[in-house]
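Structure record follows, encoded as structure tokens.
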Amino acid sequence: MSMKLTRLISVCCAALALTACEDPEPKLKGAPPDMRRLTETQYENVISDVFGIDVDVAGRFDPLRRTSGLVAVGAREARITPTGFERFYNAAKTVSERVTDAEHRATLIPCTPADAAKADDACARAFMTQTGRLLFRRPLTTAEADYFVKAAGEAAGANGDFYRGLTTSLASMLVTPQFLFVADTTEADPADKSAERLDAYARASRLSFFLWNTTPDETLMAAAEKGELNDSASLARHVDRMMASPRAEVGMRAFFNDFLALEDFDTLEKDPLIYPTFTLEVAENAREQIVKTIIDHVSRGEDYRDIFTTRKTFLTRALARVYRVPIDRTDNGWISYEFAADQNRYGIQSQIALMALYAYPGRSSAVRRGRAVRELLMCQKVPDPPGDVDFSLFTDPNSPSKTARERLTAHINAPACAGCHKITDPIGLSFENFDGAGQYRLTENEAHIDSGGDLNGAPYTGPEGLAQALRNDPATASCVVNRLYSYAVGRSVEQDDTAVVNFLDKGFAASKYKFVELMRKVALSDAFFTVSKPNTTAAASGEMAVATAH
Amino acid sequence: MRVRSQVLSFASAVVLAAPCFAAETGIVHDRRMGFVVKDWFTAVYETKFMDECPEGVSIANDEVWWRRLSRADKDEQTGNGMIQALNRVGVSFLRGRNGEHVCLEPDSVDDPPQRIVEGKLSFGVNLDGDADGKASAKSCAHENFTHPDGTTGIDNQMYRLVGCTYGWRKDVGTVDMNANEMRNTSGLGLILIDVSEVDNPRNDDDVTVTFYRSVDQWVQDSKGAPLPFQTFNIDVVDGKPRYGDSIKGAIKDGVLTTKNGDVRLPWYGNYVFMHPVIRDLTLRLDIDPSGERATGMVAGYYDVEAFTYYIGSLGAVVPVNGINCSSLIKAARELADGYPDPKTGKCTALSSAFDLLAYAAYIRLPAAAATKTAER
Amino acid sequence: MTVLLTKVRERRSVLKGVLGGSAVTVALPFLDGDLNVNGTALAATGAALPVRFGTFYWGMGHTPGHAITEKSETSKGIGFLAETEALKPFEDDLNFFGAYAMPLDGRSNYTHYTGWVASRTGTAPAHNNDIPAPTFDLLIADAIAGNSRFFTLNANAVGMPRANYSARSTASRAAAEISAAALYQRLFGPEFVDPNNSEFKPDPRVMVQKSVLSGAIEQSRDYIKTLGAADKSRLDEYFTSVRQVENQLALQLQKPPPNDACLVPPAVTEKPMEEVKRIARDMDEVIETHGVMAKLFAMAVACNQTKVFNMAFTDDFANVRRVGETYTHHLLTHEEPLDQKLGYQPLTFWFNKCGSDGFAAFLKEFKSIREGDGTLLDNCLIHAGSETNYARVHTIDGVPFWLAGKAGGRMKTGYHVVGGADPVTRIGLTAMTAMGVPVESWGTKSLKTTKPITEVLNDRATPPPVKTESQG
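Respectively, the protein sequence lines represent chains G, D and A.
Take the first sequence: its letters are residues 534 to 1083, numbered as in the numbering used here.
Take the second sequence: its letters are residues 12 to 387, numbered as in the numbering used here.
Take the third sequence: its letters are residues 949 to 1420, numbered as in the numbering used here.
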């Protein structure tokens, strides 16, 4: 296709409905069906959505390993250790006790037993099947329903209490793999007898965890039951409904928390002697600020790439103190705010969150920041430093070096270091006007800070120059496409996916980089639902393990 | 943009001037920088062996009372020694001729005179402009001090008055310490110092300094110091600042010095809310290059009536600080050296000086706030 | 009888399935008489008292030249120097292993990561997030932990759930306990059955709880059949893990035999969560938290709540500060200048010494509990080590390791063992051998070894009686 024609088509795309002249979505093989362990946030969301009960499980479950840039991908690999199972069981007991306690049973249990001191199978069945459908994200099988009713009955008998029966039965339901793992259950594809496709409930779960980061709601479950999610027109209707829901923000937040690795805030510490202003409240607010800024930006339909240049954000009193701006608010709430040009806060990358995360407890770090930009925002891999570097060579107390730039010149000049530091330091050094807590400064050790930088050979000046350079680098836009797709399908992007990612990339550009459009497009893509045939080797080990469990 | 413009619309100072260089570090916004006062200590010059107080520290009210009791009265007042000293405090206040409270009715007893400072050195400034301490239209005859740095003509009758009272002695007295602590932990009545028309925070020959009271509390670090650059709203009545007297000043190499002007000061401490007028108030603030902190001094003529009211309201602070209200208040009237009453010719104010520690703050003003300059 | 057949098959499948990831060769032959009822543990130890295994971890290694006197060959006498002086009273309980090598076969030395992963899994990690095989404490647990209430106990004193140096794979790493109060609740809360309580009545509700749970898990078999095979191997581990809770419930239903060594410790006061989770805390706080946790660990072991335990004093990036100092221990190792007169980095030395002091404090808790004719420590084997030798330049050859305790008489102690160029895996293999894990070889590539360190092992066939120790 000639350049001219391409341009003509893109003009056409801008003018007409996008689908009219868009390339068709490339086909892919897909990955075999798999299963993802619920994240801590998903667990909390599901319990909150199903029962209206808040549980705090943060830091309690086996940690998921960030894999290929996302925790969501790590969830696909996650295993459950003995300690991990114990924690799940303890959480399950807490939840089930609260669901069936005197305060909640009236609203959460759809019936009243004939005698609260005895088993009541009919009422137990009503509760267990209704709850089970929500927790397993599909109707219970007859055998499952029978079991949980029988279990509730036995436990009611032993306790002399109908509700204790439900507590015990529900607790066991909450630790089954059916609940803890979101599985890709499949069925034969009617269009291609040799292929498998996700069944309707797996499609509902995939949509719901992607767009809302929680379990499907009643409407979506009903749509799955009616087979509507296999039909592209009604699928679009459901996706649009989901994206219009307030829960879509929950979903986007979950993605950006994962994308920006904000869980690192859980282990962030600043030296109170050096940064007394960096209080716990500042840390919590800074984490929220960056997400709020992005969500606001993309919700307004702005060009995604402008998150790297925007001066619009939100502030609390605590943040205003660190940003050193007066604030028009007397309580601890948020105001929207736009930094003045001379305040040098361009884009999310210059906010306190990333500046403080990618620094040391008591000082800034050009290397960490440069690496974070490369790895988080541009999806580029920076190798780890070699093990045998004697860093104290660069930190000689008698050295006349006052600024980070002077100190890091040593890295760039050492041949073993130069390769990597040339790709991190020029970016990181342009952040040097922000100290380890993200506060703006003009000097370090009384020496003027030179915040010039360089992105892939193009020099720029200071935070504003970096903002423009990041915005205009194609890597930042394609990075978010890559990560969103990977997040949606819950696995790393492989060779097989390249064509689809390129297709989404083009669509993102054609939509003028509207993130919400991108999300919608992913949810509507065939690739999002495509699975290959299950891998059938080593099938025996699973059954064997079941045998060993008893 | 929406909210920022809202902030601007609240600002009283001129907004559209070119941004000054320090805007980048956030010290100055809209040509204004502000401070919130943390510590306010009466400036007391002390020597190692207390040479300035040859008679020793002043005798407390309850001590005077106790000494005057007969043995039989002591028995009766203490239940034969069963009631300990601290529990006698309340009783000892009510020792006026007719049982009056001596802190509220200082003339109801005849006590020995207040032990006052007899040293020659003091902190403070020359308020009356002369070096001889002679009476003038604005002052009554008084003895001048010499500053430890050699400057003569220092007027500080407040020091002369309280300098030998335990409660104002450095590190041991708790009159000012308590007041500061109470203000700082409650966040009530914080004093705000607004510096406007700032073009350069280190050197500017024409700025305006205005005093306000905060209605906001503050966030402190682990050592109790307020975190710098918090935003404070001011006390407003009918859309206008409740306080807001201004003086002109200048900044040289980071040191702000004002001219003199009368300032009604918001004040809270030791459970006392008041608003003393300090006449001819002059401020010096040494601003740290970081812009986060400043230390300095306020000097001026402190109203004797306000001082009397304050002492009368101190309650339990009195005995633990070795104060004898009656002697102290009577001495204050005697030592007053400023602003003679046109009818009686007796002076109504004490020359005084106070040490300040303040932290950078953003002060948010209502749109209608008009600056009234008290400069003279 | 089919039941018996199932059991033999189970044992094999567990060993294959669970140990499969690590390059373990199973020793032959295996007699059915060695199996306990669960088919997972060796029952015949010849001693009434169980032998337990633990690990102790601290970040940043020792200060070379100031921790242990260098030796040219293995001999009795450890040679404590200034940094390890706190360990001196334990000389007769310890072996020190110096100068072992960690060959990586061309793989990178991922700083502060490769060292602990390679020495604990026997394989060099492929990236700085990789746990290529189970850590050897879990191989030991698979052999001995069988039906303990807690399969393993993991805790650290630095407030980081991730700082657990025990993992089955990259994706299977349990969160460590970071709160001493939560640890107490888990161990000695309402579900603890005191062996010395004469009153015991099994609670029928617990019985039902256990059967309902087991039934529900049984139920999910049908579900598994509908899934792809890739999922099933992960579910293997899930089903094994369920046993942790099943055992806990089962133990609540049994009256444990009276146990003189078990004295329920006083409750631990809860701290605010932000304090528990605080990173880069002061060393004082680490020492305090570790002290409480060490007591709980020792008593949990004495009360037979667990047979395998892992304590991290500090983490692999040593996110710990000294009061009033800005830099963390890790940053100091890189940035603190060498004191020309002393010949080392003085602050870093101070932190390293805290690691040795911490280990001594840990051992003291085990040694202070009398068990049988000796102490609890005599019936334990505790492996201690770090991830680097000289943290300043991240050297991993000669990383210091210790084995403490006589393992019920299976270990000789008091030796300074010189490794020469032998792979570090010999230490792990020695520990596994002493703990009765049926392994002939351990590790991969150049880290593979078939030779336990016989100099410190007593003949397994005739374990000598446990020597009576005077109270330490």
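Heads up, the beta-carbon is just placed ideally off N, CA and C, and yes, glycines get one too.
Assigned exposure category for residue i - 16 Cβ within 10 Å defines buried
i: D/R82; result: exposed
i: D/N214; result: exposed
i: A/H1436; result: Outside the shown range of chain A (949 to 1420) lies residue 1436 of chain A, about which nothing can therefore be said.
i: D/P239; result: buried
i: A/S1159; result: buried
i: A/Q1293; result: buried
i: D/N281; result: buried
i: A/L983; result: Residue placement at A/L983 is flagged as unreliable, the pLDDT there being 31, under the threshold of 50; a coordinate-derived value is accordingly withheld.
i: G/V900; result: buried
i: D/M93; result: exposed
i: G/T675; result: exposed
i: G/C644; result: exposed
Same chain only: Cβ atoms within 6 Å of residue i, ignoring 5 sequence neighbours per side
i: D/D348; result: S150, C151, H153, Q168, C358 and S362
i: A/P1400; result: L1377, T1378 and T1381
i: A/F1257; result: G1002, L1101 and F1245
i: D/Y177; result: V68, G184, N332 and G333
i: G/A819; result: I885 and A886
i: G/G563; result: T1063, V1064 and S1065
DSSP beta-bridge partners of residue i
i: D/D50; result: D/L368
i: D/Y223; result: D/L203
i: A/H1331; result: A/T1003 and A/L1351
i: A/L1244; result: Beta-bridge pairing links A/L1244 to no other residue.
i: D/K263; result: D/V266
i: D/D215; result: D/I262
i: A/M1259; result: A/F1004 and A/A1103
i: A/I1016; result: A/F1028
Neighbourhood of residue i by C-beta distance below 7 Å, restricted to the same chain and skipping five residues each side
i: G/R786; result: V824 and I828
i: G/R609; result: D567, R569, G1023 and R1024
i: A/E1021; result: V1366
i: G/E482; result: Coverage of chain G is limited to positions 534 through 1083, which leaves residue 482 of chain G absent and any answer about it impossible.
i: A/V1216; result: A1128, A1129, Y1132 and V1240
i: D/N137; result: G164, I165 and D166
i: D/R180; result: V55 and E57
Other residues of its chain near residue i: CB distance less than 8 Å, five sequence neighbours each side excluded
i: D/K145; result: A152
i: G/P1067; result: P565, P566, T719 and E729
Test: residue i CB closer than 7 Å to a CB of chain C
i: D/R304; result: Any reference to chain C falls outside this structure, whose protein chains are G, D and A.
Output, in sequence order along the chain, the residues in the region 640–663 of chain G whose CB is closer than 8 Å to any CB in chain A. Correct list: empty, as no residue qualifies.
May I have a chain-ordered list of the alpha helix (DSSP H) segments no shorter than 4 residues that lie completely inside the region 1115–1154 of chain A? As for any alpha helix (DSSP H) of minimum length 4 sitting wholly inside the region 1115–1154 of chain A, the runs are 1128–1136, ordered along the chain.
Under 7 Å, CB to CB, which of the residues in the region 1103–1114 of chain A have a partner in chain G? Answer in chain order: M1108, P1109 and R1110.
Could you please tell me which residues of the region 1116–1128 of chain A, in chain order, have their CB closer than 7 Å to any CB of chain G? If the cut-off is 7 Å between Cβ atoms, the region 1116–1128 of chain A has R1116, S1117, T1118, A1119, S1120, R1121, A1122 and A1123 near chain G.
Just by C-beta distance, which residues in the region 996–1011 of chain G are closer than 9 Å to chain A? Correct list: empty, as no residue qualifies.
Unbroken beta strand (DSSP E) runs of length 3 or more, entirely within the region 1020–1068 of chain A: which are they? Taken in chain order, the whole beta strand (DSSP E) runs of length 3 or more contained in the region 1020–1068 of chain A are 1042–1046.
Continuous alpha helix (DSSP H) assignments of at least 4 residues falling wholly in the region 545–602 of chain G: 551–554 and 573–584, all fully within the region 545–602 of chain G.
Chain-ordered residues of the region 185–212 of chain D with a beta carbon less than 9 Å from chain G: Going along the region 185–212 of chain D in chain order, one finds no residue with a Cβ nearer than 9 Å to chain G.
In chain order, what residues of the region 849–863 of chain G put their CB closer than 9 Å to some CB of chain D? Those would be R850, A851, A853, R854, V855, Y856, R857, V858, P859, I860, D861, R862 and T863, in chain order.
Which residues, taken in chain order from the region 606–620 of chain G, show a beta carbon closer than 8 Å to some beta carbon of chain A? Residues G607, E610, A611, R612, I613, T614, P615, T616, G617, F618, E619 and R620.
Can you give me, in chain order, the residues of the region 966–988 of chain G that have a beta carbon less than 7 Å from any beta carbon in chain A? Of all residues in the region 966–988 of chain G, none has a C-beta nearer than 7 Å to a C-beta of chain A.
May I ask you to list, following chain order, the residues of the region 805–838 of chain G that have a beta carbon less than 9 Å from some beta carbon of chain A? Listed by position along the chain: L806, I807 and L813.
Curious, which full-length beta strand (DSSP E) runs of at least 3 residues does the region 1180–1218 of chain A contain? As far as the region 1180–1218 of chain A is concerned, it has no whole beta strand (DSSP E) run of at least 3 residues.
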